[in-house]
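The structure appears below as structure tokens.
What follows is the structure, encoded as structure tokens:
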């Protein structure tokens with residue numbers, strides 16, 4: 346048994362998870378599912394459900410035609426128009442012209458938190474399941490939990506008001522990425538601390554103590570033989 350950094354490592358029980366397996370598990374169980382939910386149900390709105398809408402967010406842009414004009418009416422709840430006209434009248438005025446629909450109101454459909462919470466639960470459970478097959482150790486938990494929390498914050502940060510100026514687009518995303526990375530780092534250290542505290546006072550100590558006792562007994566037998 347040895348101590349490297351903040352994690353206790355028991356070589357005989359393979360207590361340290363291989364870095365490649367940590368990386369692959371994060372990609373498969375966290376990154377891919379979260380990105381799919383983000384694209385389909387989040388601000389990118391590929392399912393056209395408008396679950397997450399922020400002020401100044403571009404909801405649609407392109408040429409208004411007789412084929413798509415009716416489908417654009419779905420954006421009416423998020424757009425403020427002049428009192429003298431309706432949203433449908435405004436759309437009709439832009440027929441055969443290029444138009445950009447920008448949100449004046451925010452919206453967050455709380456139902457989208459359900460798949461996010463499910464993925465967070467998965468990030469808590471899958472390390473324990475895979476540990477049964479001796480593929481993972483508890484040192485995967487800080488990674489799985491921190492990344493799931495980070496992606497959840499990135500998803501919810503889609504509610505931040507968009508900067509109206511086009512040249513501030515990169516600043517907007519830079520701030521969100523900084524918050525995303527900072528949340529991963531902070532949660533990682535918190536969970537890492539908790540896991541280490543549990544391991545240092547939990548059943549793992551029994552395994553370490555038994556291994557140490559067995560090694561001491563073998564050393565004593567070897568010493569008696571040599572004497």
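Numbering (the numbering used here), first residue to last: 346 to 572.
Ideal Cβ placement from N, Cα and C applies to all residues, glycine included.
Spatial distance of residue i from residue j (CA atoms)
i           : j           : result
residue 443 : residue 416 : 15 Å
residue 435 : residue 484 : 57 Å
residue 501 : residue 384 : 13 Å
residue 421 : residue 497 : 28 Å
residue 460 : residue 382 : 8 Å
residue 362 : residue 478 : 12 Å
residue 394 : residue 531 : 33 Å
residue 437 : residue 512 : 30 Å
residue 475 : residue 542 : 22 Å
residue 426 : residue 439 : 14 Å
residue 406 : residue 398 : 15 Å
residue 469 : residue 515 : 33 Å
residue 462 : residue 378 : 12 Å
residue 454 : residue 392 : 14 Å
residue 364 : residue 380 : 22 Å
residue 465 : residue 373 : 14 Å
residue 551 : residue 544 : In this prediction, residue 551 has a pLDDT of 47, which is less than 50 and means its spatial position is unreliable; what the coordinates show is noted afterwards. So the two alpha carbons sit approximately 10 Å from each other.
residue 413 : residue 441 : 10 Å
C-beta neighbour in chain D for residue i, strict 9 Å
i           : result
residue 457 : No chain D appears in the structure shown, which is made up of a single protein chain.
Cβ-based neighbour list, residue i, same chain, cut-off 6 Å, excluding 5 preceding and 5 following
i           : result
residue 369 : none
residue 404 : 420, 446, 448
residue 457 : 386, 396
residue 423 : 398, 448, 450
residue 481 : 362, 472, 475
residue 408 : 443
Same chain, Cβ closer than 8 Å to residue i, five either side skipped, listed in chain order
i           : result
residue 376 : 492, 496
residue 401 : 447, 448, 506, 507, 508, 509
residue 428 : none
residue 418 : 432, 433, 436
residue 525 : 495, 496, 498, 499, 502
Residues bridged to residue i (per DSSP)
i           : result
residue 445 : 406
Cβ shell of residue i (< 7 Å), same chain only, five flanking positions each side left out
i           : result
residue 487 : 533, 536, 537, 540
residue 517 : 507, 508
residue 528 : 494, 495, 498
residue 367 : 485, 488
residue 573 : What the structure shows of the chain is the stretch from 346 to 572, and residue 573 is not part of that stretch, so it cannot be assessed.
residue 582 : A question about residue 582 goes unanswered here, because the residues of the chain that appear run from 346 up to 572.
residue 523 : none
residue 389 : 383
Residue i beta carbon near the ligand SAH (any heavy atom closer than 8 Å)
i           : result
residue 442 : This structure lacks the ligand SAH, and indeed carries no ligand of any kind.
Run through the stretch 384-429 for me and flag every whole beta strand (DSSP E) of 3 or more residues, listed as ranges in chain order.
403-408
Going along the chain, which unbroken runs of the beta strand (DSSP E) with 3 or more residues stay wholly within the stretch 435-515?
443-447
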